[in-house]
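Before any comments, here is the structure.
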Amino acid sequence: MTITAGAPPTGMAGPREALRHSLAITRRNLLKVRSSPGQILDAALMPVVFALIFTYVFGGAISGSSGAYRQFLMPGILALTTTITSRASGVGLNLDFGNGVMDRFRSLPMARVAVLAGRILADTVRMLLGLVLVFAFTLLMGFRVHTGPLKVAAALGIVLLFGTALSWLHALIGLTARSVETVQSVSMLAMVPLQFGSSIFVPPGTMPHWLELIVVHNPMTSVVDSARALLLGGPAGASTATALVWIIGMTAVLAPLSVRQFQRRS
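Going letter by letter, the sequence shown gives residues -10 to 255 in the working numbering.
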């Protein structure tokens, strides 16, 4: 990481310096990923396992055939990937506080918020690489896109933006918890309702009415329905608009809370 000598005192940098420092921290975190490419495979492994199990074990019972269920499930698997990979933001920040790296950052003439912003940016890049790997795997499994490249890019973009919003949630958890074990447990518990209380695995219309109402208003359902429509065809406007409202709302609430918690702990 390169921080210029003579820069403003810690935490007093202007927006331009803060951006430069954030990119330096992003580079530092991405270099760690490059030296350990297994982190990308880890991010893709669990979604791949879910895809195999639900397609070939439960697919016939849910949709009548594995082939039909595969087309329904795979857009949801992309969204599921973000719930798994975004946990790295909380774990990474908590580790940086625990192993003394944060003390080293405090001694440098850099914008304090750059540590948080650099972590989120690096994890977004890592999440994108994981999404590309999982998407390639879904094509190998036989998933077929019925739209064009622009809509494919839009689907991946919506999923990635939602994953970045989730990264802010995990960052808040990582900055609040005192141990990595607590971060992992709380993060997993927070993701279970999003994952299984959504339209990832089953259409909401097959559920009891009270549960259907909850699932329809789950932000994950909007993201999955948007990605499904963009990849398979059909009206995507309403679900995409709802997904963007959720993404903007979550980021607007969680990012300031994470920054405040980061400043308190720093």
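From the three backbone atoms N, C-alpha and C, an ideal C-beta is built for every residue, glycine too.
Cut-off 8 Å between Cβ atoms - residues of its own chain near residue i, not counting five sequence neighbours on either side
i      : result
T136   : L219, L220, L221 and G222
W235   : F151, A154, P208, S211 and V212
M(-10) : The pLDDT assigned to M(-10) is 49, lower than 50, so where the model puts this residue is not dependable; a value taken from the coordinates is nonetheless given after this. A13, I14, R16 and R17.
Q184   : L69, T72 and M209
Nonlocal neighbours in the same chain, by C-beta distance under 6 Å from residue i, ignoring five residues either side
i    : result
T70  : P36, G119, L120 and V123
A144 : A216, L219 and L220
S75  : G152, L155, S156 and H159
M239 : A154
Selection from the options that minimises the alpha carbon distance to residue i
i    : options                   : result
A142 : Q252, L8, F61 and R217    : R217
Y45  : L34, P208 and L62         : L62
V156 : I14, A106 and M91         : Looking at the sequence provided, one finds Ser at residue 156 rather than Val. Checked all of I14, A106 and M91; the closest Cα to S156 is A106.
S78  : D85, D112, S188 and G87   : D112
E170 : N83, F126, T240 and L41   : N83
A160 : F86, V38, G49 and F47     : F86
P192 : P245, V205, W199 and A241 : V205
Q252 : A13, R76, V102 and S55    : V102
P64  : A125, V181, M196 and L202 : A125
C-beta atoms of residue i and residue j nearer than 8 Å
i    : j    : result
L164 : R23  : no
A68  : M209 : yes
V114 : L19  : yes
V80  : V175 : no
I66  : T15  : no
S11  : L110 : yes
A232 : I147 : yes
G186 : I162 : no
Whole-Å CB distance - residue i paired with residue j, under 8 Å assumed
i    : j    : result
L243 : L158 : 5 Å
R59  : F132 : 6 Å
D214 : S188 : 6 Å
Contacts around residue i, its chain only, beta-carbon distance under 7 Å, and the 5 residues preceding and following it disregarded
i    : result
F43  : L62 and F190
S117 : The question names Ser, but residue 117 is Leu in the sequence shown. Here the set comprises L149.
G49  : S55
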